[in-house]
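Going by our numbering, 597 is the number at position 451 of the first sequence; the sequence numbering is gapless. By construction, the Cβ of each residue, glycine as well, lies at the ideal position given by its N, Cα and C atoms. The structure appears below as structure tokens.
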Amino acid sequence: MNQKNPRRALFLFRLDLRLQDNPALNYIAENYDEVLCAFVHAPSEEGKWVAGAASQSFLHFSLQQIDQTLQSRGGNLYSVEVDSTLEHIQDLVTRHDIQGLFWNRRYEPKLIERDRQIKEHFLEKGLEVKSFNASLLWEPWEIKNQQGNPFQVFTPFWKKATSLGEPNSPQKLSKNIRFMKVKSDSLDSLQLLSRLGWDRGFYEHFHCGEEAAKKALDVFAPKGARYQSQRDLPSVEGTSRLSPHLHFGSMSVREVWHRLRKTQESTRSNKERAEIDVYLKELGWREFAHHLLFHFPMTPDRALREKFAQFPWVKNASQLRKWQKGLTGYPIVDAGMRELWATGWMHNRVRMVVASFLVKHLRISWLEGAKWFWDTLIDADLASNTMGWQWAGGCGADAAPYFRIFNPYLQGAKFDPEGDYVKRWIPELSALSKKWIHAPHEAPEEELKKAGIVLGKTYPFPMVDHKEAREAALLAFKQLGG
DNA sequence: TGAAATGTTGGGGCG
DNA sequence: ACGCCCCAACATTTC
Numbered sequence: 147m148n149q150k151n152p153r154r155a156l157f158l159f160r161l162d163l164r165l166q167d168n169p170a171l172n173y174i175a176e177n178y179d180e181v182l183c184a185f186v187h188a189p190s191e192e193g194k195w196v197a198g199a200a201s202q203s204f205l206h207f208s209l210q211q212i213d214q215t216l217q218s219r220g221g222n223l224y225s226v227e228v229d230s231t232l233e234h235i236q237d238l239v240t241r242h243d244i245q246g247l248f249w250n251r252r253y254e255p256k257l258i259e260r261d262r263q264i265k266e267h268f269l270e271k272g273l274e275v276k277s278f279n280a281s282l283l284w285e286p287w288e289i290k291n292q293q294g295n296p297f298q299v300f301t302p303f304w305k306k307a308t309s310l311g312e313p314n315s316p317q318k319l320s321k322n323i324r325f326m327k328v329k330s331d332s333l334d335s336l337q338l339l340s341r342l343g344w345d346r347g348f349y350e351h352f353h354c355g356e357e358a359a360k361k362a363l364d365v366f367a368p369k370g371a372r373y374q375s376q377r378d379l380p381s382v383e384g385t386s387r388l389s390p391h392l393h394f395g396s397m398s399v400r401e402v403w404h405r406l407r408k409t410q411e412s413t414r415s416n417k418e419r420a421e422i423d424v425y426l427k428e429l430g431w432r433e434f435a436h437h438l439l440f441h442f443p444m445t446p447d448r449a450l451r452e453k454f455a456q457f458p459w460v461k462n463a464s465q466l467r468k469w470q471k472g473l474t475g476y477p478i479v480d481a482g483m484r485e486l487w488a489t490g491w492m493h494n495r496v497r498m499v500v501a502s503f504l505v506k507h508l509r510i511s512w513l514e515g516a517k518w519f520w521d522t523l524i525d526a527d528l529a530s531n532t533m534g535w536q537w538a539g540g541c542g543a544d545a546a547p548y549f550r551i552f553n554p555y556l557q558g559a560k561f562d563p564e565g566d567y568v569k570r571w572i573p574e575l576s577a578l579s580k581k582w583i584h585a586p587h588e589a590p591e592e593e594l595k596k597a598g599i600v601l602g603k604t605y606p607f608p609m610v611d612h613k614e615a616r617e618a619a620l621l622a623f624k625q626l627g628g
């Protein structure tokens, strides 16, 4: 090591907001003397799908955590907002005598192209430039069917992926790494936070950063043995609630995978092992989503199944608004939409129900739903959001068949039998007995009175009739030809 | 990672 | 004792 001319690397943080199991940082630790850690925010380069408001808020606090961690280790996070990432990197390279440029990959089509240009440019300038995988268990291009094509159905995809062997183990960061401390704009100048402060409620339910993510995994891992039995009950914390951390990379998916594997090994119960497999498969759906986004880069904006370009989606702003605000008159739908607004997150079972309701009962385009989720979810992820909505809309890969229409009453009765979830998010229904909690409009006058509910005033009547809406949806989807 | 309609079966009441 | 009907429970098919 030469103290006078240290080898310096520039590391760009993206969706990998952690120090542990961060392959690019590990590479730097092995090969460089010092590293400048930067977050170069260039929203104009993300195109139409620039991060939504909720997601930006989570990003802000995650970056704050990174900065604190780096400061406690003698460095800091250099953060800046720019129009051109490439030009700004050029500045940094010159200013700080940088010899290597490293990052962990993103998989959004526009960013793949941007990063390709950056890599080409700085390789030409004689820098060492490398990108790594911090986000996925397998790279999207590693998994192919027998013809060498990408999969469009989950089950064979997952079979193939898991047949390739266990994903890599997480790697600890070398203690020898030296972080640079440089002058930086304040994080606030990136203006990631809404001035309205509507995001405050999020942080009663979720915490940002690597430490918080570690705690969340500690909470979830032992519960993995009951994942299959509990994951569909929105009133119970039976899911991992790791999605924002997996999106922003404050938790490594490899870490999650191997932790759950360990839990699996420590039990003798076949049943428990199978329950954990169901969770690992959910990580598989996340992989599948990235696979689809990579191989079908138009899907954030267009249905994968092309005939859906002709589908007569309904344009109805006032109905869309009712759905967004949780005023549909269907308690399980409204509870979900309000949980989303209040916490920036929604239980997955309920995501499927509200999505089916928008797309089937209201026949409003999946794209409207995708946009709303994009803006309100702290875990908004282009790959998962696109796949999920096209699944619900029946217009994507391995999508729900057109005739699969969730009945909100039955979904409520089945997965929230006591009505606890509905009551938590719709306080105006909290005094209603569980017998009517999912269909207040069918409750006897007397029951409503007792519960202080005046339909049409304190809680809406169903905005559409279930049976009629269902039949209209069947007809419309059937006319498209399945 | 549905729901509703339709079909089948089998036990019990009853003439 | 027997056949018939009713209907719940379960299975299948249809959307």
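Quiz item: Which residue's Cα is closest to the Cα of Trp535: Glu514, Leu161, Cys354?
Solution: Glu514
Practice problem: Express the C-alpha separation of Ile174 and Phe268 in angstroms, rounding to a whole number. | Solution: 17 Å
Quiz prompt | Meets three-Cβ-pair contact criterion under 8 Å: the segment 351-360 and the segment 385-401 | solution = yes
Quiz item: Is the CB-CB distance between Phe394 and Ser203 below 7 Å?
Solution: no
Quiz item: Roughly how many angstroms separate the alpha carbons of Gln557 and Gly542, rounded to a whole number?
Solution: The alpha-carbon atoms of Gln557 and Gly542 are separated by roughly 23 Å.
Quiz item: If you scan the segment 307-369 from start to end, which runs of the alpha helix (DSSP H) of 4 or more residues do you find wholly inside it?
Solution: 356-366
Exercise. Provide the residue span of the beta strand (DSSP E) that contains Trp249, from first to last.
Key: 246-250
Quiz item: Can you pull the DSSP bridge partners for Ala538?
Solution: Answer is none; Ala538 lacks a bridge partner.
Quiz item: Name the DSSP bridge partner or partners of His441?
Solution: His441 pairs with nothing; no bridge assigned.
Exercise. Compute the distance between the beta-carbons of Leu319 and Gln166, then report whether it is under 7 Å.
Key: yes
Practice problem: Below 8 Å on the Cβ atoms is my guess for Phe157 versus Phe248; work out the distance and round it to an integer in Å. | Solution: Between Phe157 and Phe248 a beta carbon distance of about 5 Å is seen, short of the 8 Å cut, so the two are scored as contacting.
Quiz prompt | Within 7 Å, strictly: CB atoms of Thr489 and Asp480 | solution = no
Practice problem: Can you give me the Cβ contacts of Ile323 inside the same chain, cut-off strictly under 6 Å, excluding the 5 residues immediately before and after it? | Solution: If we look at Ile323 and ignore the five residues flanking it on each side, its Cβ neighbours are Ala175.
Quiz item: Given a threshold of 16 other Cβ atoms within 10 Å of its Cβ, counted over all protein chains shown, does Gln410 qualify as buried or as exposed?
Solution: buried
Practice problem: Could you check the C-alpha separation between Leu223 and Phe325 for me, to the nearest Å? | Solution: Taking the straight line from one Cα to the other gives about 9 Å.
Self-check item: CB contact flag (Val499, Phe552, <7 Å)
Solution: yes
Quiz item: Which word fits Gln263, buried or exposed, when buried means at least 16 other C-beta atoms lie within 10 angstroms of its C-beta?
Solution: Its Cβ having fewer than 16 others within 10 Å, Gln263 is exposed.
Practice problem: Using the Cα positions of Asn295 and Val402, report the straight-line distance between them to the nearest angstrom. | Solution: Near 29 Å, if we compare the C-alpha coordinates of Val402 and Asn295.
Self-check item: Inter-stretch contact at 8 Å, needing at least 3 Cβ pairs: the segment 518-537 / the segment 430-438
Solution: yes
Self-check item: Residue of Arg616, Lys306, Leu283 minimising C-alpha distance to Gln293
Solution: Lys306
Quiz item: How long is the line joining the alpha carbons of Ser190 and Glu227, rounded to whole angstroms?
Solution: Each residue's CA atom was taken as its position, placing Ser190 and Glu227 some 10 Å apart.
Self-check item: Minimum C-alpha distance to Ala197 - residue among Ala619, Ser315, Ile524, Arg154
Solution: Ile524
Exercise. Pick out whichever of Ala155, Leu486, Ala455 has its Cα sitting closest to the Cα of Ile244.
Key: Ranking Ala155, Leu486, Ala455 by Cα distance to Ile244 puts Ala155 first.
Self-check item: Residue from Met483, Ala200, Ser412 with nearest C-alpha to Gln337
Solution: Ala200
Exercise. Mind checking which residues open and close the beta strand (DSSP E) that includes Ala488?
Key: Counting along the chain, Ala488 falls outside any beta strand (DSSP E), though it belongs to the alpha helix (DSSP H) covering 477-489.
Exercise. Decide if the segment 574-588 is in contact with the segment 415-424; the criterion is three or more beta carbon pairs, one per stretch, under 8 Å apart.
Key: no
Quiz item: Counting only runs that start and end within the segment 498-556, where is the alpha helix (DSSP H) found for 4 or more residues in a row?
Solution: DSSP runs (the alpha helix (DSSP H)) wholly in the segment 498-556: 512-522, 528-538.
Exercise. Would you check if the segment 277-288 and the segment 437-450 touch, i.e. whether three or more CB-CB distances between them fall below 8 Å?
Key: yes
Self-check item: Same chain, Cβ closer than 8 Å to Phe503, neighbours up to 5 away in sequence not counted
Solution: Trp469, Thr474, Tyr476, Val479, Phe552, Pro554
Quiz item: Closest to Met483 by CA distance: which of Asp521, Arg509, Arg448 is it?
Solution: Asp521
Exercise. Taking only the alpha-carbon atoms, compute the straight-line gap between Pro606 and Lys329 and give it to the nearest angstrom.
Key: Whole-angstrom Cα-Cα distance: 55 Å.
Exercise. Would you decide whether Ala463 is buried or exposed? Buried here means 16 or more other CB atoms lie within 10 Å of its CB.
Key: exposed
Quiz item: Between the C-alpha atoms of Glu564 and Ala577, what's the straight-line distance to the nearest angstrom?
Solution: 12 Å
Quiz item: Is Ser511 buried or exposed, if buried means 16 or more other CB atoms sit within 10 Å of its CB?
Solution: buried
Self-check item: Classification of Phe549 by the beta-carbon crowding that lies within 10 angstroms, buried from 16 upward
Solution: exposed
Quiz item: Who are Tyr224's beta bridge partners in DSSP?
Solution: Ala184
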